[in-house]
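For reference, the structure discussed in these notes is given below.
There are 2 protein chains.
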Amino acid sequence: MTSKPSKSARSATSARRGKPAVAPKTSRAARRAGTREQVRVAALELFSSVGFDETTTQAIAQRAGVAAGTVFLYASDKADLLFLVMHDRLEHAVARSFETLGEGPLIDRLMHVFRGVFAMYDESPKMGAAFVRALPGATGPNAARVNVLTFAFLERLGALVADAQARGEVASDLQPLACAQNIFGLYFMALLGWLTGHYTLDTALEPMLRVSLELQIRGFRT
Amino acid sequence: MTSKPSKSARSATSARRGKPAVAPKTSRAARRAGTREQVRVAALELFSSVGFDETTTQAIAQRAGVAAGTVFLYASDKADLLFLVMHDRLEHAVARSFETLGEGPLIDRLMHVFRGVFAMYDESPKMGAAFVRALPGATGPNAARVNVLTFAFLERLGALVADAQARGEVASDLQPLACAQNIFGLYFMALLGWLTGHYTLDTALEPMLRVSLELQIRGFRT
DNA sequence: CTCATATACTGAGCATACTCAGTGAGTGCA
DNA sequence: TGCACTCACTGAGTATGCTCAGTATATGAG
Chain A
125 MTSKPSKSAR
135 SATSARRGKP
145 AVAPKTSRAA
155 RRAGTREQVR
165 VAALELFSSV
175 GFDETTTQAI
185 AQRAGVAAGT
195 VFLYASDKAD
205 LLFLVMHDRL
215 EHAVARSFET
225 LGEGPLIDRL
235 MHVFRGVFAM
245 YDESPKMGAA
255 FVRALPGATG
265 PNAARVNVLT
275 FAFLERLGAL
285 VADAQARGEV
295 ASDLQPLACA
305 QNIFGLYFMA
315 LLGWLTGHYT
325 LDTALEPMLR
335 VSLELQIRGF
345 RT
Chain B
125 MTSKPSKSAR
135 SATSARRGKP
145 AVAPKTSRAA
155 RRAGTREQVR
165 VAALELFSSV
175 GFDETTTQAI
185 AQRAGVAAGT
195 VFLYASDKAD
205 LLFLVMHDRL
215 EHAVARSFET
225 LGEGPLIDRL
235 MHVFRGVFAM
245 YDESPKMGAA
255 FVRALPGATG
265 PNAARVNVLT
275 FAFLERLGAL
285 VADAQARGEV
295 ASDLQPLACA
305 QNIFGLYFMA
315 LLGWLTGHYT
325 LDTALEPMLR
335 VSLELQIRGF
345 RT
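Listed in order, the protein sequences are those of chains A and B.
Numbering (our numbering) for the first sequence: 125 to 346.
Numbering (our numbering) for the second sequence: 125 to 346.
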């Protein structure tokens, strides 16, 4: 390269955290966090408006005001950018769902939680579809963070089962985490069925997932 | 395959655009079926030995003795080549599993079927991993054929449940197909957990899937 | 302060999945 | 048979995900 013209382009947002060539000397950590956030927001906006497949990593870099290679300093590949975006949304949706949890039978509490998560996906179903498609077996730092979130979600589902156990609704000899795994599996299949286009949101959530969960709670036996 | 000479003749000689000088005079339909089979076998060999991600579509074309663009006449994209390969294997594995099905309680018959399918995946776990990763929401002609197979599999699972119902093992007011959907979901989660590397074959099949299915059959209730 | 090191970032270049206008052999009709 | 048409096939071209040697700058030691 010769002179350095790209600097000024980035400073569209530099009113907030100045980055002009001469003065401010922001710390490396702060700069890095800022860049990461710019990439995250750019990816979010493009994925949710244009779609995952239709968005190029070049476009994300351009919108974030960084070079093409920079986005791969914050995600191992394009799919990992999707996980970077979805992590916060997932975390927030799950937190909200459990905050607003009332009392009642296990099935109702589960449906309340899943309704909240489905609503989050419904804000951008196309991005959600790309997400669940890319999730199985994904590697990369942001995928790992999502996996941590998923495992925490599983444990919170286990806690709901344990609650039901304490109230005598669920047999006391069962392991709550094993029950939660089955519940999660049925939830994930419903999510997959919806987002990959086999069902609509309403049919996937209300008749289908509920029936699945009731069938799991009830069992097959005579 | 028979048409080996045509390939070497084409690439070695000077004929430029010309097809083999000696006219083979095979019918178009037969030629097309032959080409498709060559592509399928080439993809199978490369995917199972080298791996899906490590195989280029160019390499498949070269091994099949066709031009680079030809493989996309038989699959909409690279993932669809994987479905082209897996369709026959899946079909065969399921058929075998149901042929060798004995009598007994539902859980044992289910485990017998799933054991057979898992064994098929175990012949090339890396290819299996790529397959289950690409499957959700896949489009393309070969993906559609695999979906047909999956739905047929679901119905055969439903038939097993109906059998158990007739023997009084399963409550008579349940819909066999709804039960089969839950069973399939638990099977698919176990498959995913294994092939994406979270479990080994043995732990995924024998403790994990069996526990899941027993928990489904039994239910949560006191 | 000066200098050496670490590291966030750059962007041209590479690999490869996929496209499409062109070609000629098979097909069916007269 | 001769001829117009169809269609399987070709392969150079294109788009884009991702790499990596190079650059500028914050950091920390002396």
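Quick reminder that beta carbons are idealized off the backbone N, C-alpha and C, glycines included.
On a predicted model such as this, the values are computed, not experimentally measured, just so you know.
Can you tell which of the options has the C-alpha that lies nearest to the C-alpha of residue i?
i        : options                                   : result
B/Arg280 : B/Phe238, B/Leu316, B/Gly252 and B/Ala167 : B/Phe238
A/Gln182 : A/Ala157, A/Phe196 and A/Pro249           : A/Phe196
A/Phe332 : A/Gln340, A/Val256, A/Ala314 and A/Gly343 : Note that residue 332 of chain A corresponds to Met in the displayed sequence, not to Phe. Of A/Gln340, A/Val256, A/Ala314 and A/Gly343, the residue nearest in Cα terms is A/Ala314.
B/Gly226 : B/Phe277, B/Thr194 and B/Ala288           : B/Ala288
B/Leu316 : B/Pro265, B/Pro300 and B/Pro260           : B/Pro260
B/Phe344 : A/His211, A/Gly321 and A/Val285           : A/Val285
A/Ala81  : A/Ala153, A/Thr150, A/Ser151 and A/Leu206 : Because chain A in this structure spans residues 125 to 346, residue 81 of chain A falls outside the shown range and cannot be described.
A/Phe275 : A/Met244, A/Phe308 and A/Ala243           : A/Phe308
A/Arg269 : A/Val209, A/Thr324, A/Gln340 and A/Ala217 : A/Val209
A/Leu325 : A/Ala243, A/Val174, A/Leu278 and A/Phe312 : A/Ala243
B/Ala328 : B/Thr150, B/Gly158, B/Ala217 and B/Met235 : B/Met235
A/Arg342 : A/Asn306, A/Ala157 and A/Val190           : A/Asn306
B/Tyr245 : B/Glu223, B/Thr224, B/Thr150 and B/Phe312 : B/Phe312
A/Tyr198 : A/Ile231, A/Gln299, A/Val174 and A/Arg156 : A/Arg156
A/Ala302 : B/Pro300, B/Arg334, B/Leu298 and B/Gln299 : B/Arg334
A/Val174 : A/Ala290, A/Lys250, A/Asp297 and A/Ile231 : A/Lys250
A/Leu310 : A/Ile231, A/Lys202 and A/Ala290           : A/Ile231
Assuming residue i contacts residue j under a Cβ cut-off of 8 Å, what Cβ separation, rounded to an integer in Å, is found between them?
i        : j        : result
B/Leu168 : B/Thr179 : The pair is not a contact, with the Cβ atoms about 11 Å apart (cut-off 8 Å).
B/Val256 : B/Leu319 : 5 Å
A/Ser336 : A/Ser248 : In fact, because the Cβ distance is near 25 Å, the residues do not count as touching under 8 Å.
B/Pro229 : B/Glu330 : Going by Cβ atoms, the distance from B/Pro229 to B/Glu330 rounds to 16 Å, so no, they are not a contact pair.
A/Thr263 : A/Ser221 : So it is not a contact: roughly 28 Å between Cβ atoms.
B/Glu338 : B/Leu273 : B/Glu338 to B/Leu273, Cβ: 27 Å. No contact.
A/Asp204 : A/Asn271 : Contact flag wrong, Cβ pair sits at about 12 Å.
B/Gln162 : A/Gln340 : Not confirmed; about 46 Å, so no contact.
B/Phe277 : B/Val218 : 6 Å
A/Thr346 : B/Ala153 : Contact doesn't hold; Cβ gap of about 54 Å is too wide.
B/Thr159 : B/Thr194 : 7 Å
Which word fits residue i, buried or exposed, when buried means at least 16 other C-beta atoms lie within 10 angstroms of its C-beta?
i        : result
B/Ala192 : exposed
A/Asp212 : exposed
B/Phe176 : buried
A/Gly282 : buried
B/Gly252 : buried
A/Ala254 : buried
B/Gly321 : exposed
A/Arg233 : buried
B/Arg164 : buried
B/Ala188 : buried
B/Ala185 : buried
B/Ala304 : buried
B/Ala258 : buried
B/Thr126 : The predicted position of B/Thr126 is uncertain, since its pLDDT is 31 and thus under 50; a value taken from the coordinates is nonetheless stated next. Answer is exposed; the Cβ neighbour count stays below 16.
What runs of the alpha helix (DSSP H), each 4 residues or longer, lie entirely inside the region 245-305 of chain B?
-> 249-258 and 265-290
Which ranges does the alpha helix (DSSP H) cover as unbroken runs of at least 4 residues, wholly within the region 161-220 of chain B, from first to last along the chain?
-> 181-188
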